[in-house]
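According to my numbering, the sequence shown is numbered sequentially starting from 639. Using N, Cα and C, we set each Cβ at its ideal position, and we do this for glycine too. All remarks here apply to the structure that follows.
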Amino acid sequence: MTTPITKEAILKEFTLRSAREDLTAFTTVTMPSFDPTPFHLNFFKVLDDFAHGRIKKLMIFAPPQHGKSEGSTRRLPAYLLGLNPNLKVAIVSHTASLASKFNKEIQRIMDEPDYREIFPDTVLPSGNDSYARNNTELEVVGKKGGIRSVGVEGGLTGETVDILIMDDLYKDAMDAWSPIVRGNVENWYSTVAETRLHNNSQQLIVFTRWHHEDLAGKLLAEPDNDWTVVKYPAIKEGEPDDNDPREDGEALYPQRHDIKRLTDLRNRDAFVFECMYQQNPQPKEGLLYQPFKTYTDLPTYGRRKSYVDTADLGKDYLCSISYLENKDGMYILDIIYTQAKMEVTELLVAKQLWDHQVEHSFIESNNGGRGFARQVEAKTKDLGNFRTSIEWFSQNLNKLARINTNATAVNNLIHMPEGWQMRWATFYNHVTNYSSIGRNAHDDAPDTLTGMVEKYGAGKKSLGIWALSH
């Protein structure tokens, strides 16, 4: 007599099948306390792409205490051996003891009944057979695969490695800032880790960036490197994207590190915050700008102006700054800093000119800027603003030279409102981490500040009719 199939049996089979096919579903089954935030769902999705071979060489950078290791170094290895029990996985961390701890935790996952139901062909040794199982090594019974765990500078001799997982290769900032430690890590990677890899090997580097010349920095500086890089800053910078759908200025894991805590950390030491929490390490001695002057009360006299630098390419930012100018300098009122399309930014800029009572606006006319200026001018009139005069002009001088030679003037003349690092987080980061040497990923913010000081004192004379506050 055939046993009837119950609804519970169907649901269980569906759950097990989902757990075999997806890392997030696997984690939900094997870790009942798993309560993923949007960040964790996205993070696990990237790891799932790696697990299924869609990414061969992956770097993931995220702040401390954000749950990286649970996904990358506990659940992922167990899941990989379930998918393919013949895989040879190596786990590396900054110390052998931490690597061994990961190994033991993986074994506990694989010993659970839920795991054995999901992956019945992946069985760990019981102790009564000849297969290895200890704190540093485990082998899958009847298969060729297993896991080895070592600390940095530990040996991997004698075995090929199919999957190399490197989790937090530096213990702390002191380690990462030590040229000796960084050199040892780089040497170990070149002389030990890479010698165990083959054509089809996959590599995963997961850690917090502490220094611009850490192993990730060195590897990414190599020409034609083929690493996929996913970066999760503690405070989102820029527009939403596939890997990080947050809005600009949102905290990554607010349940544990809310925006107030992150702001306090940034205010305490902006340089350290950029490295540890924003994953954007820069050479400290090479930063172009000194800390900016700030104000709490806006001066009662001056002319209201704006400067607009339109975006040249798809990844560039439009930067539009409205400000009050007087004999003491320029006081920032508002900043639009976005990668949105022109049809969006035209209206944003027009509204900014109206909202902040701008008398004269400078708009760079390079690369479509003239058409942009015409559209902004038309939209200002549509809003009932007939007071703002718009001046478009072509900027043909070398951008890098202009930014560097005007840096002192920018620091002397520009006054930021208190709390500007929170109001315009991406702009703040691109300005305060702009390096005077080497290549910078974004120069739109410094370029706009440079344009402002170049236009200091220029423009149509005050109309004398705008109130200075409203």
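Sort out for me which residues DSSP pairs residue i with in a bridge.
i: Arg771; result: Leu776
i: Thr932; result: Met1054
i: Val730; result: Val788 and Met804
i: Val959; result: It should be pointed out that residue 959 corresponds to Ile in this sequence rather than to Val. DSSP, once it has assigned bridges, lists Tyr945 and Ile973 as partnering Ile959.
i: Glu1125; result: Since the displayed the chain opens at 639 and closes at 1108, residue 1125 lies outside it and no answer follows.
i: Gln840; result: Ile801
i: Leu679; result: Bridge partners of Leu679: none, in fact.
Which residues in the same chain have their Cβ closer than 7 Å to the Cβ of residue i, if we skip the five residues on either side of it in sequence?
i: Ile693; result: Asp687 and Thr866
i: Tyr769; result: Pro763, Glu777 and Val779
i: Gly792; result: Ala734
i: Gln893; result: Thr675
i: Asn773; result: Ser738, Asn741 and Lys742
i: Leu986; result: Ile974
Quick one: grab the DSSP three-state call for residue i.
i: Leu802; result: strand
i: Asn964; result: strand
i: Thr653; result: helix
i: Arg847; result: coil
i: His998; result: strand
i: Ile970; result: strand
i: Val946; result: strand
i: Lys742; result: helix
i: Ile818; result: helix
i: Gln990; result: helix
i: Tyr808; result: coil
i: Met669; result: coil
i: Arg906; result: helix
i: Glu708; result: helix
i: Glu1092; result: helix
i: Leu853; result: helix
i: Ile648; result: helix
i: Phe699; result: strand
i: Leu721; result: helix
i: Leu714; result: helix
i: Leu925; result: strand
i: Lys1037; result: helix
i: Gln893; result: coil
i: Gly1097; result: coil
i: Cys913; result: helix
i: Phe757; result: coil
i: Tyr827; result: helix
i: Ala689; result: helix
i: Gly1022; result: coil
i: Pro751; result: helix
i: Thr833; result: helix
i: Thr938; result: coil
i: Thr795; result: coil
i: Leu762; result: coil
Closer than 6 Å by C-beta to residue i: which residues in its own chain qualify, once you throw out the five before and the five after it? Chain order, please.
i: Leu696; result: Phe688, Leu842 and Thr866
i: Val844; result: Ile698, Lys706, Ser710 and Asp805
i: Gln840; result: Lys694 and Ile801
i: Val1048; result: Leu1087 and Val1091
i: Val819; result: Asp813
i: His1080; result: His1068
i: Leu890; result: Phe677, Tyr870 and Ala872
i: Glu651; result: none
i: Ser656; result: Ala663
i: Lys809; result: His732
Is the beta carbon of residue i less than 9 Å from the beta carbon of residue j?
i: Ile747; j: Thr644; result: no
i: Lys931; j: Ile1052; result: yes
i: Tyr945; j: Phe1000; result: yes
i: Gly720; j: Thr760; result: yes
i: Thr798; j: Lys726; result: yes
i: Gln920; j: Ser1073; result: yes
i: Phe664; j: Ile756; result: yes
i: Leu925; j: Asn1071; result: yes
i: Ala859; j: Ser787; result: no
i: Glu1002; j: Gln1033; result: yes
i: Met914; j: Tyr1094; result: no
i: Tyr927; j: Thr1064; result: no
i: Val1014; j: Glu981; result: no
i: Arg1040; j: Asp972; result: no
i: Asp886; j: Lys874; result: yes
i: Thr901; j: Met1060; result: yes
i: Gly783; j: Asn722; result: yes
Beta-carbon of residue i versus every beta-carbon of chain C: anything under 9 Å?
i: Ala988; result: Protein chain content of the structure displayed is limited to a single chain, and chain C is not contained in it.
Spatial neighbours of residue i within its chain, please: C-beta separation below 8 Å, excluding the five flanking residues on both sides.
i: Asp1020; result: Ala988
i: Gln745; result: Leu762, Arg771 and Leu776
i: Pro883; result: Pro676 and Asn680
> Considering only residues of the region 1039-1089, which uninterrupted beta strand (DSSP E) runs meet the minimum length of 3 residues and lie entirely inside it, listed in chain order?
Replying inline: 1052-1055
>> Threshold first: 3 residues or longer. Then list the beta strand (DSSP E) segments lying entirely within the region 858-891, N to C.
In response: 866-869
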